[in-house]
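Take a look at the structure below.
Residue numbers (the numbering used here): 14 to 236.
Next comes the structure, spelled out in structure tokens:
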């Protein structure tokens, strides 16, 4: 960890540190869980991922610690499985560049599977000759300060730029508002890889756990 912190602290736009440097908190840094409790921040609810019926690190159920440095830039993307994302800045500043819904055609996403969640555009230096429609996009920029949290709804394209040495805490959210898109992604990502049987099995799992969560909620279960 000391080496990672030094590497990211020394990062510059001309010589950026590798990014993202991330840790799966429950499996790699479990001692942080009690410090970060409550994970749901008392307002990112309901979150069906809080149920143990969802295996950790599968289908979008993740809790990350991101460490970055000045000049670090993430690829322009929307989150896989159409999960909602909650990002809290613990240290330093991070700029978020967010594209509200309805701008996919201006961002040139890939055609299938995981690539359909990624854009080739460098928002800091866009190639308008190669991607002319990008000039029609209307991004929103915000700088997240320590102690602040940003909510990224499912399906929203976004990227980040490190303003300096920074540490963020990130987790995903699933509930009735994005369940259909989540289940569709689980099916389509495997189908487009030619894994039809696995796609069918995962879709059946998705429908089953979704139905169970709805039943539990009807009987008063708090997620």
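No residue lacks a Cβ here, since even glycine has one placed at the ideal position from N, Cα and C. The model shown is predicted, which means the values in this text are computed figures rather than measured ones.
**Item:** Where residue 128 falls: helix, strand or coil (DSSP)
**Value:** helix
**Message:** DSSP has residue 181 in a bridge; who is on the other side?
**Reply:** Note: residue 181 sits in a beta bridge opposite 79, 102.
**Asked** When we look at the beta-carbon of residue 141 and count the other beta-carbons within 10 Å, is it buried (16 or more) or exposed?
**Response** Its Cβ having fewer than 16 others within 10 Å, residue 141 is exposed.
**Prompt:** What's the call for residue 17, buried or exposed, on a 16-neighbour Cβ count within 10 Å?
**Reply:** Per the 10 Å Cβ criterion, exposed.
**Prompt:** Who are the Cβ neighbours of residue 129 in its own chain at under 6 Å, not counting the five residues just before and after it?
**Reply:** Taking C-beta separations shorter than 6 Å and ignoring five residues to either side along the sequence, the partners of residue 129 in its chain run 122, 123, following chain order.
**Prompt:** Once you ignore the five residues that flank residue 73 on each side, which residues in its own chain have a CB closer than 6 Å to its CB?
**Reply:** The residues are 94, 96, 185.
**Distance, residue 44 Cα to residue 233 Cα** = 31 Å
**Request:** Report the residue from 42, 67, 25, 224 whose alpha carbon sits nearest the alpha carbon of residue 14.
**Result:** 42
**For residue 209, three-class secondary structure by DSSP** = helix
**Request:** Report the residue from 217, 182, 204, 203 whose alpha carbon sits nearest the alpha carbon of residue 39.
**Result:** 182
**Message:** According to DSSP, is residue 96 part of a helix, a strand, or is it coil?
**Reply:** coil
**Prompt:** Thinking just about the alpha-carbon of each residue, which of 191, 132, 23, 100 is nearest to the one in residue 52?
**Reply:** 100
**Asked** At what residues does the alpha helix (DSSP H) containing residue 119 begin and finish?
**Response** Membership of residue 119 in the alpha helix (DSSP H) is indicated by the continuous run 117-120.
**Message:** Let me check understanding here. Comparing Cα to Cα, which of 120, 83, 165, 20 lies closest to residue 105?
**Reply:** Checked all of 120, 83, 165, 20; the closest Cα to residue 105 is 83.
**Asked** So what's residue 108 in DSSP terms, helix, strand or just coil?
**Response** strand
**Message:** Can you list, in chain order, the residues of its chain with a C-beta nearer than 7 Å to that of residue 88? Leave out the 5 residues immediately preceding and following it.
**Reply:** Non-local beta-carbon contacts of residue 88 in its own chain, meaning distances under 7 Å to residues more than five positions away in sequence, involve 131, 172 in chain order.
**Request:** Could you tell me which of 190, 214, 189 sits nearest to residue 201, measuring between CA atoms?
**Result:** Checked all of 190, 214, 189; the closest Cα to residue 201 is 214.
**DSSP beta-bridge partners of residue 175** = 107
**Asked** Should residue 114 be labelled buried (16 or more other beta-carbon atoms within 10 Å of its own) or exposed?
**Response** exposed
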